[in-house]
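Student: Dropping a structure here in structure tokens format, bear with me for questions.
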Amino acid sequence: ATWAGACAALAESTVVVADAALEPAAVPEDAGAPHGPGAESPTTGRVVLVGAGPGGLELLTLAGVRALAEADVVLTDRLADVGDVAALAPGAEVIDVGKRPGHHAVPQAEIERIMVERALSGGVVVRLKGGDPYVFGRGGEEVRAAVEAGLHVTVVPGVSSAVGVPGAAGIPVTHRGVSHVFTVVSGHVPLEPHQAASLATLGGTIVFLMGMHNLVPITTALVRAGLSADTPAAVVERGFTPDQRSVVGTIGTLADLASRAGAASPAVIVVGDVVRQSDVWARRIGASRDERRSAALDVALGAVG
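When you read off a place in the sequence shown, starting at 1, and then add 281, the result is the number in my numbering.
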């Protein structure tokens with residue numbers, strides 16, 4: 282790919298990446314020292330967790346590109362074509378450990394085992410993750426596994442889908458005079474009543490990740506907790522890909538609109554008045570003035586992105 286080739290060339294260039302960008306994450310002072318049985322001698326291998334942002338690889342940072350260029354092994358999430366990853370990591374072994382909703386082909390424990398094993402053998406192992414490693418990415422668990430094995434570990438941040446994907450749809454998570462706070466919530470499990478009450482009381486913008494399977498219970502819980510059913514809400518599907526689209530409605534209508542539009546993971550759910558800032562919302566308001574429009578047409582207009 283042309284873009285991948287350009288990045289590969291960039292990785293070999295004389296561009297200097299700030300040292301701070303490649304410094305290890307905050308870990309114990311003895312993190313580089315051997316730990317556990319059979320670790321009497323220090324290893325030369327190391328682990329680098331790289332956040333690739335949402336979508337493909339276009340949002341990689343320069344530090345991430347440089348890390349891939351130095352990799353011996355890349356463990357990659359379900360975020361890009363393996364061929365594109367290989368182009369940025371010439372000579373590296375690329376292992377796809379990506380997880381699909383409801384199906385973890387490679388369990389987390391096995392991912393950590395492979396990561397540690399390859400690094401202990403002396404290789405540079407890049408764990409390439411969608412979004413940011415520390416935002417519902419299990420990055421903390423992988424850092425701990427590397428540290429406990431006595432490995433040097435580095436974390437390169439990435440653009441979180443919690444902010445980037447809404448932005449790609451024209452929805453800012455904060456907006457002067459509209460929202461000065463945003464909350465990021467895992468939608469992997471339904472909200473408990475006290476959690477929904479806290480979110481409804483706090484207000485601002487609420488962003489749910491991994492929540493499509495629980496969209497109905499999430500929206501229902503928020504309304505029951507006191508959030509107005511007329512609160513603007515959106516689903517932004519497959520952000521930063523050619524297939525990106527948005528379904529826009531309100532807390533009271535979003536689940537039905539998303540179902541009728543066939544929206545599915547990966548997607549981000551956004552709740553709050555900031556949704557009104559998107560171009561999608563503006564088109565929906567214009568269409569809704571014609572009360573003769575059918576519900577099917579409303580869905581079609583709500584699903585454009």
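Cβ atoms here follow ideal geometry from the backbone N, Cα and C, with glycine treated the same way.
Quick caveat, the model's predicted, so the values are computed rather than measured.
#1: Note the first and the last residue of the continuous beta strand (DSSP E) segment covering residue 500.
#2: According to DSSP, what are the bridge partners of residue 467?
#3: Classify residue 365 as buried or exposed, calling it buried when 16 or more other Cβ atoms lie within 10 Å of its own Cβ.
#4: In terms of residues, what are the limits of the alpha helix (DSSP H) holding residue 475?
#5: Starting from the C-beta of residue 502, find all residues in its chain whose C-beta is less than 6 Å away, skip the five residues before and the five after it, and write them out in chain order.
#6: Quick test of the definition: if touching needs 3 or more C-beta pairs under 8 Å, does the region 425-435 touch the region 456-469?
#7: Just to confirm, is the Cβ distance from residue 404 to residue 486 under 7 Å?
#8: Going by DSSP in three states, residue 358 sits in which element: helix, strand or coil?
#9: So what does DSSP say about residue 371, is it helix, strand or coil?
#10: Whose CA, out of 423, 505, 329, 367, lies closest to the CA of residue 437?
#11: Can you give me the Cβ contacts of residue 352 inside the same chain, cut-off strictly under 6 Å, excluding the 5 residues immediately before and after it?
#12: Just to confirm, are residue 674 and residue 500 a CB contact at a threshold of 7 Å?
#13: So, with DSSP's three-state summary, where would you put residue 519?
#14: Tell me the rounded alpha-carbon separation between residue 401 and residue 447.
#15: Taking its Cβ as the centre, do 16 or more other Cβ atoms sit within 10 Å of residue 570, making it buried, or is it exposed?
#16: Residue 533 to residue 504, Cα distance in whole Å?
#17: For residue 612 and residue 494, I'd like the C-alpha separation in whole angstroms.
#18: Please report the distance separating the alpha-carbon of residue 475 from that of residue 489.
#19: For residue 527, report the span of its beta strand (DSSP E) as first-last.
#20: Taking only three categories from DSSP, how would you classify residue 377?
Tutor: Concretely, from the data shown:
#1: Careful: residue 500 lies outside any beta strand (DSSP E), inside the alpha helix (DSSP H) at 496-505.
#2: 490
#3: buried
#4: 474-483
#5: 472, 477
#6: no
#7: no
#8: coil
#9: coil
#10: 329
#11: 370, 373, 405, 407
#12: The shown model of the chain, from 282 to 586, leaves out residue 674, and the question about it has no answer.
#13: coil
#14: 39 Å
#15: Since pLDDT at residue 570 reaches only 45, below the 50 mark, its modelled position is unreliable, and the value read off the structure follows with that caveat. Answer is exposed; the Cβ neighbour count stays below 16.
#16: 8 Å
#17: Because the chain in this structure spans residues 282 to 586, residue 612 falls outside the shown range and cannot be described.
#18: 17 Å
#19: 526-531
#20: strand
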